[in-house]
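Report on the following structure.
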Amino acid sequence: MRQTRGHAFPSRRAGEEGASLVEVLVTVALLATAFLALAQVATASLLSLRGSADRTTAVAIATEAVEASRQLPWHDLGLHQVTHAARCAQSFPVDVAGTLREPTLCLADGGVTDTLPFTGRNGDYEVETVVTTVPSYTNARRVTTVVRWEDRGRHREVRTSSVVAGVERG
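For what it's worth, numbering that gives the first Met the number 0 labels the leading residue of the sequence shown as 0, then goes sequentially.
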């Protein structure tokens, strides 16, 4: 081995190929950092996609439930009167007519029109449909559907509401 400038190892000369150990380590560290960042972005994207799919499913379920209620004959559309029950009056705003303003779902005797479990491709949902009167209208009812589910330990919900008028179909 030839010794140059008093060193045991020859230095690189211009035009020689190869990389020093420090250059290789710096490159590996940069690549590792980039791959970790990509993995975090991919994980966040997958979680966001899952949450979006859950919400889309919940909206579809709620819309379907409201539309099913709208298809019922007027007299078959279930109705529970909303009252000034102590638990309702303490917790929720009540207007002069005695009906709770939307989207509160507190009914006399604690009853609701319908509560059903639903299992979709993205998980389990609870579907609650409530029918109440609409203040100032004698032949109108509000159908409110609430779809609830759990997403990574957090409770989520989607609410859909529609007013159905008592019109005779010809």
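For glycine and all other residues, C-beta sits at the position ideal for the given N, C-alpha and C.
Contact check, residue i vs residue j, beta carbons under 7 Å
i	j	result
residue 142	residue 68	yes
residue 137	residue 159	no
residue 128	residue 59	no
Enclosing alpha helix (DSSP H) for residue i [first to last residue]
i	result
residue 122	Element bounds for residue 122: not the alpha helix (DSSP H) but the beta strand (DSSP E), 122-132.
Beta-carbon proximity list for residue i, same chain, < 7 Å, skipping 5 on both sides
i	result
residue 57	124, 146, 148, 157
residue 133	139, 140, 141, 162
residue 54	157
residue 122	53, 148
residue 27	none
Sequence-distant residues of the same chain with beta carbon closer than 6 Å to residue i, five excluded per side
i	result
residue 42	none
residue 155	148
For residue i, the first and last residue of its enclosing beta strand (DSSP E)
i	result
residue 139	139-150
residue 61	It is not in any beta strand (DSSP E) - residue 61 instead sits in the alpha helix (DSSP H) that spans 20-70.
residue 156	153-164
Close Cβ partners of residue i (< 8 Å) along its chain, the five nearest in sequence each way excluded
i	result
residue 61	126, 144, 145, 146, 157, 158, 159
residue 30	none
Is it the case that the region 143-155 contacts the region 47-63, given that we only count it when at least three CB pairs across the two stretches are under 8 Å? yes
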